[in-house]
Amino acid sequence: MEYEIVIGLEVHAELATQTKIFCNCTTQFGGDPNTHCCPVCLGFPGILPILNQKVVEYGVKAGLALNCTINPYSVMARKHYFYPDLPKAFQISQYDQPLCSGGYVEIGQGENRKQVRLNRIHIEEDAGKLVHEGFMTKMDANRCGVPLIEIVTEPDLRGAEEAKEFLETLRLTLLYMGVSDCRMEEGSMRCDVNISLRPLGQEEFGTRTEMKNLNSFRSVVRAIEYESARQKKLLEQGQEIVQETLHWDDATGMSSSMRSKEEANDYLYLPEPDILPVTVTEEEISAIKDTMPELPSVKKQKYAQAGLNEKEIDVLLANPVFNAFYEDVLAQNGNAKLCANWVLGGISRILNEKELDASAIPFRGSRLAALMQMEEKKEISHNMAERILNIMFDEDKEPQQIAKDHGFQMVNDDSQLRELCQKAMADNPNAVADYKAGKTKAISVLVGKVMAATKGMAPGAEVIKILTELLQQA
Ligand SMILES: [Zn+2]
């Protein structure tokens, strides 16, 4: 029997605020254990949490970028569970009245384009981190109270590849909005996968399992492939799927049972009595809209229309700093393809050679645009432009200045070129005779002589044109 894989995701993204959700402690990653905390995030008795307004703003921004409805009124709630990484023994989250409802993310191209519906986005606090060392488990509270958004999808994904594309699109969107740095390896973006199988064509969902501890896109793909194969095997043997929470072990490539799946009522959700309901006005929403940069999905379409291929687009979008540089060049030059050639060719090559990040490009895009213009105006050859670009990484000067200082000036003067061509012909009578005898390739000897005389600063096409003219007269 053929089965269809049904996947829903719960994605947690740490918000890029300076301070935690209910106190002024820093959200910075790392630091000595238990140094980024205070009585509020440690949940001491008698403390009063105060909601960081930036958390609401970032949550709204994420919601708007993901096509959600922003709820004017939402409620913080206590989610109770006992685990050593949770000092209060409850997490302040949102339950039946989240900040954002609905929404969707578009994935796929052309005919395969589809909307993956979101159920909700809510804001909540992160728990601490348990560090296992040998027989010991240590608790680090630095992460307690770091703000999160949890993005919950509907069960709209149908396989590992779709899930990966969804996560990549989501990650880029949050990254460009500046609401999260989405570093999976540092745990600032984490993903739980709900997965079930059903016979192809059946409407009713099968029993699902939830897989936790997925900390890279690769492990999401592997875990989905593993779990769907496991469930398929059980179903084919006529066995039942047990609804449970599984722990994915990336090292062994296998999952193991953590606990039987808990239901919402196991958490005894209660409205948080110490925090007023969260209100967001129309004016606040439109003010946030005004600060939103262009969405990566919009850029993607723009680039595709300008003739860039999928691979070029992916690289141009992968890093917002790199992308801002490209947009800067594009704003000056306007030729998307040409700008992409320079940014993906010249700039990327030099960054790779120097093992630098896009943030280390020592000049603005306008400087590269000026260099490109020099080539367009035939003031310099492409080869010279490439050499000047290299120098631009070491010398803080305009490309015109570098060309002057290093003697990269084209010999563009027609009479001078003509003279040089005539000299080359006079010095190489054999080449002239060969050409006249029908060996037209002999012209390359003469071109070479002119190039040597100008140290490569002569425009090749122009030289050939003049030589052809003179040879026909000779
Ligand atoms: Zn604190």
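Start counting the sequence shown at 296; every next residue gets the next number (the numbering used here).
Just so you know, even glycine gets a beta-carbon here, dropped at the ideal spot from N, CA and C.
For residue i, the first and last residue of its enclosing alpha helix (DSSP H)
{"i": "D487", "result": "Here D487 belongs to no alpha helix (DSSP H); instead the beta strand (DSSP E) covers M484 to P494."}
{"i": "L666", "result": "G660 to E671"}
{"i": "I645", "result": "S643 to K649"}
{"i": "S388", "result": "Element bounds for S388: not the alpha helix (DSSP H) but the beta strand (DSSP E), F385 to Q389."}
{"i": "E714", "result": "D709 to D722"}
{"i": "P568", "result": "Here P568 belongs to no alpha helix (DSSP H), and DSSP marks it neither H nor E."}
{"i": "F620", "result": "P615 to N628"}
{"i": "A360", "result": "Q348 to A360"}
{"i": "A635", "result": "A631 to A635"}
Check: residue i C-beta below 6 Å from any heavy atom of ligand 1
{"i": "V447", "result": "no"}
{"i": "C336", "result": "yes"}
{"i": "C486", "result": "no"}
{"i": "C477", "result": "no"}
{"i": "C395", "result": "no"}
{"i": "C333", "result": "yes"}
{"i": "C634", "result": "no"}
{"i": "C840", "result": "Residue 840 lies beyond the stretch modelled for the chain, which goes from 296 to 769, so this question has no answer here."}
Beta strand (DSSP E) segment containing residue i, residue limits
{"i": "V593", "result": "Element bounds for V593: not the beta strand (DSSP E) but the alpha helix (DSSP H), P591 to Q600."}
{"i": "R373", "result": "M371 to H375"}
{"i": "K433", "result": "M431 to D435"}
{"i": "N697", "result": "What sits at residue 697 in the sequence shown is Ile, not Asn. Unbroken run through I697 is the alpha helix (DSSP H), P694 to D700; no beta strand (DSSP E)."}
{"i": "L541", "result": "E539 to D544"}
Simplified DSSP state of residue i, which is helix, strand or coil
{"i": "T502", "result": "coil"}
{"i": "H677", "result": "helix"}
{"i": "C395", "result": "strand"}
{"i": "T586", "result": "coil"}
{"i": "S511", "result": "coil"}
{"i": "T464", "result": "helix"}
{"i": "D275", "result": "No statement about residue 275 is possible, as the shown extent of the chain runs from 296 to 769 and does not include it."}
{"i": "T763", "result": "helix"}
{"i": "N414", "result": "strand"}
{"i": "M553", "result": "strand"}
{"i": "I345", "result": "coil"}
{"i": "Y378", "result": "coil"}
{"i": "T312", "result": "coil"}
{"i": "I536", "result": "coil"}
{"i": "E299", "result": "strand"}
{"i": "T749", "result": "coil"}
{"i": "T735", "result": "helix"}
{"i": "L578", "result": "Going by the sequence as given, residue 578 is Glu instead of Leu. Looking at E578 - three-state DSSP - the assignment turns out to be helix."}
{"i": "I656", "result": "coil"}
{"i": "L452", "result": "strand"}
Beta-ladder partner(s) of residue i, from DSSP
{"i": "H307", "result": "E445 and R485"}
{"i": "K744", "result": "K744 is not bridged to any residue."}
{"i": "D609", "result": "For D609, which the question treats as bridged, DSSP gives no partner whatsoever."}
{"i": "V573", "result": "S369"}
{"i": "V400", "result": "V411"}
{"i": "T364", "result": "S396"}
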